[in-house]
Every structure is written in C-alpha cells, then in structure tokens.
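With UniProt numbering as the guide, the letters of the sequence shown map in order to residues 1 to 221. Ideal Cβ placement from N, Cα and C applies to all residues, glycine included.
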Amino acid sequence: MNNEQQHALLRKMAQLMKSGLETQTEPFPETEKEFAAILDELRKLDANDVEAKMVISGFVDHPYGPDRQRCMECMYYLVHREWCDLPELAVPGTRTGGAGSGASDAPLRRRALEAAMTTIDDRQLREIIETLLTRSPETEAFPRADSHDDVLVVIGRVRTAGNDLSAKLVIAGFTLQTVEHQEIEQACESCMYYLVHRRFCELPELDLPVEPEWSCRLWRI
C-alpha cells in the first residue's frame, strides 16, 4: 500500500467513525486466551473488510477510557509510517487521536498486553520490551536521576503508570544500549537492582526482565 492509498484508507476509517460506526470496545479481553479469540475472529475476515475489522477490534476516533489509550502507545504502532502492524489488522493509525482527526485507536491491544504480562514468561516479556523500545526509542533517559529526591520523583511517576508498560519504560528512561553518564557506564548489569542469573530488574516499581547492556535513569551502583 503506497502513501496515497494509506491516506485514502485512513480517511475512509475516519468517516466511518464520524458517521457513528458502533464498534466492540467492551468487554476488554482480560486474558491472553480472550485476546487470541478476538484475533481468530479477525483472521476469518476478508483482508479488505476494513469496517468489520474496526467493529471487532473496537476502533474509536479519540483516546479511549480513563487512561486515554491511543495507537501511539501501542506496541504494534509504527510511528514513522503511522501504521498498525498487528497482522490481523494491518491498517493505518495516527499518533495523537482526538475526534475528527482521523485517528484509529484500538484499545483492546494495549489492555491485552497488560493482561498478558501476568501470564507470559521473562523471555517473552523481554522481547516485548525490546520491540517497544525499538519502535519508540524516545524515552526520558535524561536527565538522569542523580539525587535521592530525583529518584523519588521518577519512582512516583512510575507507580502512577500502573500496568502501562510503555509508560513505565518512557518514564524510567529505558534504552537498549548502555548510557555513559558522569564518566560511568550505567548498564543494567552493573546496577544494584539487577539479578544476574535471571537477567531481571528487581526494583519493585519496575520489576521487569532486562538485558545486561540495557540502561535506565534509575541506575544505582
């Protein structure tokens, strides 16, 4: 699909939602099994049946719910292409959302990821984190949390993010490569919270599997 075709499809989707298309935003899939069932429904559709895809996956043209969920924060969103690459959807979306903007926000995906985090193993979650950071590498890596007060502020914001994995990664300033700060290489493997044999960050507010060469601004010696 070229740019012109993509924009035409995006306009079509926006018009459908503006015209009052009712989509299945509820109930959210609370488990990975329920998420898989929705994907099965999508796979049965004709690949070009965009309206049916939108209905089943719960598209709306504005940020959704109290967390204001958007395509922008979804692990499947390709920022530079403005595209959802979940194979069962494969449709355009926008970064910001908002009524009338032509956004295509499918809240089921992010909620499903949060639910899946309780059932998947460290390896799978580590791969998800790497995917998120590869597709949206701009996190709050700087300024570093050099003082105790700085740490408390960042940790407070991480707590507020709850189970929103994307937000936690951004707030904590995760990077896929070691950050050098004040002539010190701040890698996960040299941090006091790193569990060597499990390759895991045990800081309670993060509690995530990591790679030794990754880094975040809550690094402590």
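Query                                                                                                                                         : Result
So what does DSSP say about N3, is it helix, strand or coil?                                                                                  : helix
Pair every Cβ in the segment 129-145 with every Cβ in the segment 164-171, then say whether three or more of these pairs are closer than 8 Å. : yes
Consult DSSP for Q186 and reduce its assignment to one of helix, strand or coil.                                                              : strand
In angstroms with no decimal places, state the Cα-to-Cα distance between H62 and E180.                                                        : 39 Å
Looking at C-alpha atoms only, which residue of P66, Y194, I129, L16 is the closest neighbour of V170?                                        : I129
Can you tell which of T31, L89, V50, E205 has the C-alpha that lies nearest to the C-alpha of A14?                                            : V50
Could you tell me which residues DSSP puts in a beta bridge with E84?                                                                         : The sequence given here places Cys at residue 84; Glu does not occur at that position. Partner(s): Y77, V91.
Using only CA atoms, which one of A52, L125, A187, D85 lies nearest to M17?                                                                   : A52
Grouping DSSP H, G and I as helix and E and B as strand, with all else coil, what is S57?                                                     : helix
For my contact list, L78 and D67 are in at a C-beta cut-off of 8 Å; report their separation, rounded to the angstrom.                         : So it is not a contact: roughly 21 Å between Cβ atoms.
May I ask you to report which of helix, strand or coil DSSP gives F200?                                                                       : strand
Using a threshold of 7 Å, is the CB atom of R157 nearer than that to any non-hydrogen atom of the ligand FAD?                                 : With respect to the ligand FAD, the structure shown offers nothing to examine, as it has no ligands at all.
Taking Cβ positions, are E205 and V158 nearer each other than 8 Å?                                                                            : yes
Apply the 10 Å Cβ neighbour rule to Q69 and answer buried if 16 or more other Cβ atoms are within range, or exposed otherwise.                : buried
Just the Cα atoms here: how many angstroms apart are D199 and D46?                                                                            : This sequence places Arg at residue 199; Asp is not what is there. Taking the straight line joining both Cα atoms gives about 42 Å.
Measure the C-alpha to C-alpha separation of V60 and L21 and round it to an integer number of angstroms.                                      : 9 Å
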